[in-house]
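Counted the way mature numbering (1 follows the signal peptide of the UniProt record, and there is no 0) counts, the sequence shown spans residues -21 to -1, 1 to 308.
Notes for the one structure printed next.
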Amino acid sequence: MKRYKQLVMAGVVLSTVGVLAGCSTGHGTNPITKATNITGTINRTTSTSANTSNMPTGVTTQSTPYLTVNSPAGHSFKPGSSIKVNGVVDGRLKSSSKVTASLYWGNKANSSRLVHTQTYDVANGGTFGGDFNVPNTSFVGASGGEFVLVIQYPNAKSVTTPMATPEVKAVSSATAGMAHLNLTNAQINNIQDALKHIDASNPVSMKFGNGGKVFVPTEIPKGEKFLGADSGGNVEFGTYVTLNFSGFKVMCGDKAVSQMAIKKTNTVQLANGATGTWYVSDPSAGGTTYYLMTSNGSTYITFYSNLKTVSHDEFQEMAGSMTFLGLFQ
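See the structure below:
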């Protein structure tokens, strides 16, 4: 089962005792390696209306790395709000380094989905900080859900702090038909086998080509099945890995697409804050295919399908939940 499930479930447990955990992203290891008691923090379990959560403020630790999270006025955490995030990761990092803050939504029974990601510049001494802008989108799930903020920095370590444990009962029509994607070990091995054909140096890393990475949706439409992966290279996508599902495909490539004979239709903002662009093929070329393209770092992600078994909204939901597979093995 995927490690990002373990990561968020660990955050659920930690939220009841008020700790900040240091996490390792090494392969084949338990994500939680140590925990430090937080001082001056009151953790509460609250029952709140959908799309709103209370969260502790001033969460901090007394050693490096540490993270401070200041909630908005009234401790209201909801779509469109802004959170103050600052901390120190490692004073030995170069001032040009970047810190990535990722907000996940999960619950005690199921794994998380990525809500939003932002990057911050590391200053001298390893300090970073700024606003974390929560996208104006719905947070839905079973009761017992929570938000978890993960800070990652260049030496492959991360800091995780639980945000809150609200009770969420409402389910929006846009996400009611989605289910969490669980990949078995055999399916992960299948993806690694596909990587061996294009980059045999280290397929376990889930990286390939010129900065490409394998990203997977944390949610897929109910009834969809993962069929397998393949890989290759061409002038349009560069080096790529394709994840084949029963009603759609996801291609992760290391080159921005610029030469395909498809028509741009519109641009949308995804749940993770990224931009998604819709395209459609010429029906005279043998049937209509719809494409939703987005990117994450040096990876260019393309969803495509005839949309007979999945919808536009479901495509956008998946594209906004993409997670790097190598991070959670």
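Think of the CB as a built atom: it goes at the ideal place given N, C-alpha and C, for glycine as much as any other residue.
Predicted model, so just to flag it, every value in this text is computed and none were measured.
Bridge partners of residue i, per DSSP?
i	result
Pro200	Met157
Met230	Thr221 and Thr281
Lys192	Lys186
Val78	Tyr99
Val252	For clarity, residue 252 is Gly in the given sequence; the question names Val instead. Its beta-bridge partners do not exist; DSSP assigns none.
Measuring straight from C-alpha to C-alpha, what distance separates residue i and residue j?
i	j	result
Phe107	Ser274	24 Å
Pro141	Leu82	Reliability fails at Pro141, whose pLDDT of 42 lies under 50, so the model's placement of it is uncertain and no value is given.
Ser180	Gly207	21 Å
Ile167	Pro200	20 Å
Tyr283	Gly104	45 Å
residue 311	Lys234	Past the edges of the chain, shown from -21 to 308, lies residue 311, and the structure says nothing about it.
Met301	Glu293	13 Å
Gln295	Thr218	24 Å
Ile17	Gln248	Confidence is the limiting factor: at Ile17 the pLDDT is only 23, short of 50, which leaves the residue's position unreliable, though a coordinate-based value still follows. In a straight line, the C-alpha of Ile17 is about 36 Å away from that of Gln248.
Glu198	Val67	33 Å
Asn65	His95	17 Å
Ser277	Asn189	8 Å
Gly202	Asp172	25 Å
Asn164	Ser237	35 Å
Asn223	Phe111	34 Å
Thr267	Lys243	13 Å
Pro182	Gly212	16 Å
Ser260	Gln97	33 Å
Gly255	Val214	22 Å
Ser60	Phe303	26 Å
Figure out for me which residue from the options has the closest Cα to the Cα of residue i.
i	options	result
Leu286	His159, Tyr279 and Ser225	Ser225
Phe216	Gly156, Ile62 and Phe187	Phe187
Asn245	His291, Phe227 and His95	His291
Lys77	Gly109, Gly232 and Lys63	Gly109
Tyr99	Ala158, Ser184, Ala250 and Thr79	Thr79
Lys204	Gly255, Lys228 and Thr96	Lys228
Gly253	Asn169, Met272 and Ala240	According to the sequence as given, residue 253 is Ala; it is not Gly. Among Asn169, Met272 and Ala240, the Cα nearest to that of Ala253 belongs to Met272.
Cys231	Met157, Val289, Met185 and Ala250	Met185
Ile241	Gly212, Leu304, Thr281 and Asn251	Thr281
Met157	Leu304, Ser260, Phe303 and Thr288	Thr288
His159	Ala250, Leu304, Met297 and Phe303	Met297
Gly305	Leu162, Asn251 and Ala250	Leu162
Could you tell me the boundaries of the beta strand (DSSP E) in which residue i lies?
i	result
Met272	Tyr269 to Asn275
Asp261	Taken as a continuous stretch (DSSP letters only), Asp261 belongs to no beta strand (DSSP E), as it is neither H nor E.
Leu304	From DSSP, Leu304 is part of no beta strand (DSSP E); its letter is neither H nor E.
Lys63	Ser61 to Val67
Val247	Ile241 to Gln248
Gly108	Thr106 to Asn112
Phe205	Phe205 to Asn213
Which two residues bound the contiguous alpha helix (DSSP H) that contains residue i?
i	result
Phe294	His291 to Ala298
Leu174	Asn164 to Lys175
With residue i and residue j assumed to form a contact (beta carbons below 8 Å), what rounded beta-carbon distance in angstroms separates them?
i	j	result
Tyr270	Tyr258	4 Å
Val220	Ser210	5 Å
Val113	Ile62	7 Å
Val193	Ile177	Not quite, the Cβ-Cβ distance comes to about 11 Å (not below 8 Å), so this is no contact.
Gly299	Asn251	5 Å
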